[in-house]
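Letter 29 of the sequence shown, counting from 1, is numbered 29 in full-length UniProt numbering, and no numbers are missing.
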Amino acid sequence: MKKIKIAIWGINVVLIAVILFLVLGNGFKNDNNKTDYKTYTVQRDNTNYFNGIVQETDKQAVSDQPKSEDETLTSTHVINGQKVTKGEVLFSFYRDMSSDLASANAEIQQAQLAIQAYNSTDKTTADKIELSKNQEVLAEAQAKINKINKAQNRT
1 MKKIKIAIWG
11 INVVLIAVIL
21 FLVLGNGFKN
31 DNNKTDYKTY
41 TVQRDNTNYF
51 NGIVQETDKQ
61 AVSDQPKSED
71 ETLTSTHVIN
81 GQKVTKGEVL
91 FSFYRDMSSD
101 LASANAEIQQ
111 AQLAIQAYNS
121 TDKTTADKIE
131 LSKNQEVLAE
141 AQAKINKINK
151 AQNRT
């Protein structure tokens, strides 16, 4: 029985030795796998200091004065020195174009009457040509009214 205890103790000592060897051996190997970091200190470069006034690269002068005699300033949306963005309305102008609108409306009525006259008569080739001309005149007169309306309220 004494020999069995000695054999068991011997096996235990050998197992402990093997376990210690493996643990300590792996610990040394893991130390070699670590990345070595180096720390550097970056020196400050000369900082440039400038004196002066900053100016915009794109400057555009605007005026609240009407472009023509029949045009009047209706409203001002900004004050002098205020910062604005591109596309922002600064001023609104109104131009009396009632005579131009009346003449364009007369052209439209004349073209509509000609089209109605075509629709009430027998249709021949000449009438069809006349109808297309009248429709073209009507479209041009309507485009003229749109243009006048845009010019009347300038911003």
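Glycine is no exception: its CB is placed at the ideal position from the N, C-alpha and C atoms.
Since the model is a prediction, treat every value here as computed from it, not as a measurement.
Which of helix, strand or coil DSSP assigns to residue i
i, result
"E136", "helix"
"T74", "strand"
"F93", "strand"
"E56", "coil"
"E69", "coil"
"E88", "coil"
"F21", "helix"
Burial state of residue i, where buried means 16 or more other Cβ atoms lie within 10 Å
i, result
"A111", "buried"
"N134", "buried"
"A151", "exposed"
"A104", "buried"
Residue i to residue j span [Cα, whole Å]
i, j, result
"E88", "A114", "44 angstroms"
"Y94", "E136", "30 angstroms"
"H77", "N46", "47 angstroms"
"D100", "L131", "25 angstroms"
"A143", "S92", "23 angstroms"
"E140", "T124", "24 angstroms"
"E69", "Q82", "28 angstroms"
"S120", "D127", "11 angstroms"
Interface flag, residue i vs chain B, CB-CB below 9 angstroms
i, result
"E136", "Absence of chain B from the displayed structure is noted, only one protein chain being present."
Integer-rounded CB distance, given that residue j should sit under 8 angstroms from residue i
i, j, result
"I53", "M97", "About 45 angstroms separates the two Cβ atoms, so there is no contact after all."
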